[in-house]
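Asks:
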Amino acid sequence: MKTDDADSPMLAQYRRIKKEHQGDVLFFRLGDFYEMFAEDALEVSALLNLTLTRRNDLPMCGVPYHAARSYIARLLKCGKKIAICEQVGEAAKGKTLIEREVIEVISPGTTVDEEYLDRGSANYLACLFGAEQALAFAYIDLSTGEFCAASFPWKDADSRLRQELERLDIKEIVVAEALLREKTSIARALDERRGIVINRWADWLFDSERSAARLHRQFGNTFAAELGKLRLAPELTAAGALLSYLDEAAKSRIPHVRRLTLYSENELVWIDEASRRNLELLRNLQDGGFHFSLLETLDETKTAMGRRLLKRRVAHPLRDISKIEKRLNMVDVFYHGQKTLSSLRGILGGMPDFERLSSRIAMGRAHGKDMLSLKNALSSLEKCCQTLDEAQKTENRAYKTLQFESEDAISFNKTAFSCLMALKETLEKGICDEPSVLLTEGKLIRPGFNAELDALHELRDNGRALLEKYLEEERQKTGISNLKIRYNRLLGYYFEVAVNQLSKIPPYFIKRQGLVSGERFTTDRLAALESEINGASDKIVELEKNLFLALREEAKSLLGEMSAAANFIAELDTAQSLARAAAAGVWIRPTVDNLNRVKIIEGRHPVVEANLARGEFIPNDIILDARPEKTDAAAFALITGPNMAGKSTYLRQAALIMIMAQMGSFVPARTAEIGIADRIYCRVGASDNLARGESTFLTEMLETAAILNSATSRSLVIMDEVGRGTGTRDGLAIAQAVSEYLLNVIRCRALFATHYHELAALKHPRLVNRSLLVEESDGEIVFRRRLVEGAAAESYGIHVARLAGVPKEVLLRAEQLMLEAKCAEKPADIVVKQRKTPAKQPSAKDSPAAPSSSQGELFLDLQAD
Ligand code: ADP
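Okay, so the sequence shown: first residue is 10 according to the numbering used here, each after it adds one.
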């Protein structure tokens, strides 16, 4: 915005404030509106569809003050930070300009306001810092207190970062300036994510000593002991910097952040950004919505806490068998206890978001309705525990010994429960039925909770009755039967005595006014009553506020217990959701082990099946074995079949069943033996990545390179139509070379679908040809969607063309050309020699070089018959 000497004082004030909030949208309060000017006005009017006007040629738009929250919510969704500038105080004497200042900056990653948050999703703010040896990463959900950090070695920092941004759906990030300046690939990864707020932070703020001190302040001495061991870990610098950033941005203490979890990629299954999207774990590929995602099929949760946890589990499948088994055990208990399951679902359905409530309590932001919700959450908690107790007695199932996972949930014990029940009773007595969301208007505390407050209420509500009672007393005492209490603005309350009664006036009556018809008096008692009645309302507001704050403090003293209960409920809800989905989908409990094989009998695609009529989905087996000692077992299945045969569905179903098993869910199959995968890759279809300005084929090759450079023998690799994006010859050559690399170098479990039927000639002891059956009946092709051994006979392209109504003449010509081509072809049997070197071992440090062309030649031996 250009500066203009002719600015009004108000505009000059605006420009001054805006200068300090350059990256934010400035909501500038003008009377009943928040106005935006210049670039802000142009951007916001377009984003929110507001009318753009001009004032002295300066673009402006505005939103009414009372409706601002809904506009703010929409701007946050667009990845904007909003600075709220209010009128503070009155205009100074002799001047017309009201003082204004920014009282709050609302940003997508720091807000804890329920209205601005998505109930079922975590809300992450992250921090990035480039240390010498690694890229340090930390993230926090301020609305729940979840706080984690990790570091990524520079060699794969880029893809790890992209993976984390996608996995966590980061809303806002704080980045060291030097990192953005020096590492263009990191800057690019951030730029490409739409709707993420990027805060550049001076490099000196990322200092290990400073961060250590900040972390120490947050976590105290227990952490200091850990810190001693980890002093140089760069992720701690990022974590400490993140807390320091929050000190400034959130402007409130955050005692609910009680733990920092340091994680490494070895705990979770690595699923890169592209594979996550291709598998449609949380969102579909069409419009990015929840429909037709794996999450939708699994989601039978009843609480926001459960939904967030389920989402986290879908996004982070595990490698640790004992953890997976614990989760499966819990699902199993509910799966077999359908009666308890449905009672529990009924109770959880009424459970408010305990976790976010306790965060708001911790930050001193909980209002009256929040405290009422807390009370309701606590009574739902009580009912949950009663239901589990009851079920334990009647069903004799393992409800009492359910194995929880998070430290918080495990710590939810009898003592914590009793403390929370005591709090529930206090809240039942203390918080009124329809509390206000403000602290300044009373309507917070229930009658009967505090004697002083009750007296004040009586005074305010029964002022008239009190006056009448006092009047009656004075009538008795003085014997003046027609004594009256009256009120006017000048005198307030007064006694009025007629002329003929003046002789009966007692000495403590103080004369205020003489009239022809009589006289007006007051008494000390009447004056006191008057000021009590008038002051009662103010006192009520003050006292209710203090009582409310004391209740909030009492709740705050139980933050640990509340967090334990919230995690307990989240895990219960997630388990019941998976049990419910398993029952509805007729899924089974998988066996999970460390063998490098997978054997799924009659597996089904959970999402496709859920969207077809019952019984319409055709199940298929998925059998792969990459154990080195099983020298003849098929580790690599080449899947052929024409378009529409069901190849993509089959491939994805393999990856989804593995992910479901490793997240601790039952799976759609008759039986499933799952050997844990360390990484799951899914390269499906040739989708353009227009945002990155790369061609289809380049994207395809980038993703292929990423897989070949990082997969290990423990991975599951799924590739669909690799090489489709280029000409037939080089496409086929690339598809073959990639297959060979997977078979000879990586030696992992792989499913490779192709429409290059020539590839079916590949021979390797660990390769098997399978196809999706297509039959011809009366000149029509029928897709059986059944997997059979052996390659597909032909591609049926001409049949499909016929189905589509392509003219006969064209079809005949195409058939003739096919025949000619077939006669000209020399059938080739391709033998892939096996390599003698060991397979790539799963290791975090693993980063094999891309295959060199000489390697390719070495193992390729084309033998023409
Ligand atoms: P391809 O990858 O071979 O072109 P798709 O996997 O896209 O084929 O499947 C084509 C259609 O067939 C999809 O609409 C899908 O819903 C349906 N389909 C695939 N597999 C099955 C199955 N096993 N049972 C029933 N329908 C299926």
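Backbone N, C-alpha and C fix where the C-beta goes; we use that ideal spot for every residue, glycine too.
Candidates Q172, D212, E191, E186: which alpha carbon is nearest E201's?
Replies: The shortest C-alpha separation from E201 is found at Q172.
Asks: Can you tell me which of the three DSSP states R365 falls into?
Replies: Note: R365 maps to helix in three-state DSSP.
Asks: If we call anything under 7 Å between Cβ atoms a contact, is C136 one with L251?
Replies: Yes.
Asks: Which residue spans inside the segment 53-96 form an unbroken beta strand (DSSP E) run of at least 3?
Replies: The segment 53-96 contains these whole beta strand (DSSP E) runs: 62-64, 67-73, 91-96.
Asks: With burial defined as no fewer than 16 other Cβ atoms inside 10 Å of the residue's Cβ, what is the status of S724: buried or exposed?
Replies: Classification for S724: buried.
Asks: Going by Cα to Cα distance, which pick from A591, N576, G377, I727 is closest to R679?
Replies: Nearest of A591, N576, G377, I727 to R679, Cα basis: A591.
Asks: If I follow the unbroken beta strand (DSSP E) through S786, where does it start and stop?
Replies: Per DSSP, S786 belongs to the beta strand (DSSP E) from 776-786.
Asks: Beta carbon of G569: closer than 6 Å to some heavy atom of the ligand ADP?
Replies: Every heavy atom of the ligand ADP is 6 Å or more from the Cβ of G569, so no.
Asks: For F675, is the beta carbon positioned less than 6 Å from some heavy atom of the ligand ADP?
Replies: Every heavy atom of the ligand ADP is 6 Å or more from the Cβ of F675, so no.
Asks: Give the straight-line distance between the Cα atoms of S54 and E44, rounded to the nearest whole angstrom.
Replies: Cα to Cα, S54 sits roughly 11 Å from E44.
Asks: Rounded to whole angstroms, what is the Cα-Cα separation between S382 and L366?
Replies: Approximately 8 Å, taken between the alpha carbons.
Asks: Between the beta-carbon of F792 and the beta-carbon of L647, is there less than 7 Å?
Replies: Taking 7 Å as the Cβ cut-off, F792 and L647 do not qualify as a contacting pair.
Asks: Kindly confirm or deny that the segment 626-636 and the segment 595-612 touch, where touching means at least three C-beta pairs closer than 8 Å.
Replies: Flag = yes, the segment 626-636 and the segment 595-612 touch.
Asks: Does the structure place the segment 648-659 close enough to the segment 795-815 that three or more beta carbon pairs sit under 8 Å?
Replies: Contact between the segment 795-815 and the segment 648-659 is present, because at least three Cβ pairs lie under 8 Å.
Asks: Helix or strand or just coil, what does DSSP make of E638?
Replies: Coil at E638, not helix or strand.
Asks: Does DSSP put M710 in a helix, a strand or coil?
Replies: Reduced to three states, the DSSP call for M710 is helix.
Asks: At 3 residues or longer, and completely inside the segment 290-316: list those beta strand (DSSP E) runs for me, N to C.
Replies: Qualifying beta strand (DSSP E) stretches: none in this window.
Asks: What residues are listed by DSSP as bridge partners for L633?
Replies: Partner(s): V607.
Asks: Counting C-beta neighbours from all protein chains within 10 Å, is the total for I666 16 or more, i.e. buried, or is it exposed?
Replies: I666 should be labelled buried.
Asks: Applying the 10 Å Cβ sphere with the 16-neighbour rule, what's the burial state of D582?
Replies: With 16 or more other Cβ atoms within 10 Å, it is buried.
Asks: Nearest to L447 by alpha carbon, out of G297, A801, K554?
Replies: Of the candidates G297, A801, K554, the one whose C-alpha sits nearest the C-alpha of L447 is K554.
Asks: If I measure Cβ to Cβ from R369 and keep anything under 7 Å in the same chain, skipping five residues before and after, which residues do I get?
Replies: V121, A375, D379, listed in sequence order.
Asks: As a quick check of your reading: which residues have a C-beta less than 5 Å from at least one non-hydrogen atom of the ligand NAP, in chain order?
Replies: The ligand NAP is not among the ligands present in this structure, which contains only the ligand ADP.
Asks: Cα separation between Y502 and A460?
Replies: In a straight line, the C-alpha of Y502 is about 27 Å away from that of A460.
Asks: Are the Cβ atoms of R322 and M672 separated by less than 7 Å?
Replies: Yes, they are a contact pair.
Asks: Judging by CA-CA distance, which residue of L768, R316, L177, P18 is the nearest neighbour of R285?
Replies: Among L768, R316, L177, P18, the Cα nearest to that of R285 belongs to L177.
Asks: Could you give the distance in angstroms between the alpha-carbon of K192 and the alpha-carbon of A324?
Replies: Cα-Cα distance, rounded: 27 Å.
Asks: Let me know if P774 comes out buried or exposed under the rule of 16 or more other beta-carbons within 10 Å of its beta-carbon.
Replies: The residue in question, P774, is exposed, as its Cβ has fewer than 16 Cβ neighbours within 10 Å.
Asks: At which residue ranges does the segment 186-267 contain complete alpha helix (DSSP H) runs of 4 or more residues, listed in the order of the chain?
Replies: Counting whole runs of 4 or more residues, the segment 186-267 contains the alpha helix (DSSP H) stretches 186-191, 193-200, 217-239, 243-258.
Asks: Could you pull out every residue in the same chain whose Cβ sits closer than 8 Å to the Cβ of K486, ignoring the five residues on either side in sequence?
Replies: Answer for K486: P515, listed in chain order.
Asks: Pick from E124, R692, A573, W163: whose alpha carbon is nearest that of A744?
Replies: Residue R692 is the option with its Cα nearest to A744.
Asks: Whose C-beta lies closer than 8 Å to the C-beta of L224 among residues of the same chain, with five residues either side of it excluded?
Replies: Answer for L224: F232, L236, L245, A248, G249, L252, L269, listed in chain order.
Asks: Could you tell me the boundaries of the alpha helix (DSSP H) in which F675 lies?
Replies: Premise fails: F675 is in no alpha helix (DSSP H) and is neither H nor E.
Asks: How is the beta strand (DSSP E) around S427 delimited, first residue to last?
Replies: Element bounds for S427: not the beta strand (DSSP E) but the alpha helix (DSSP H), 423-439.
Asks: Quick check: the segment 304-315 against the segment 540-559, are at least 3 beta-carbon pairs closer than 8 Å?
Replies: As far as the Cβ criterion goes, the segment 540-559 does not touch the segment 304-315, which means the pair count is below three.
Asks: Take every Cβ of the segment 491-507, pair it with every Cβ of the segment 525-535, and state whether three or more of those distances are shorter than 8 Å.
Replies: Yes, the segment 491-507 touches the segment 525-535.
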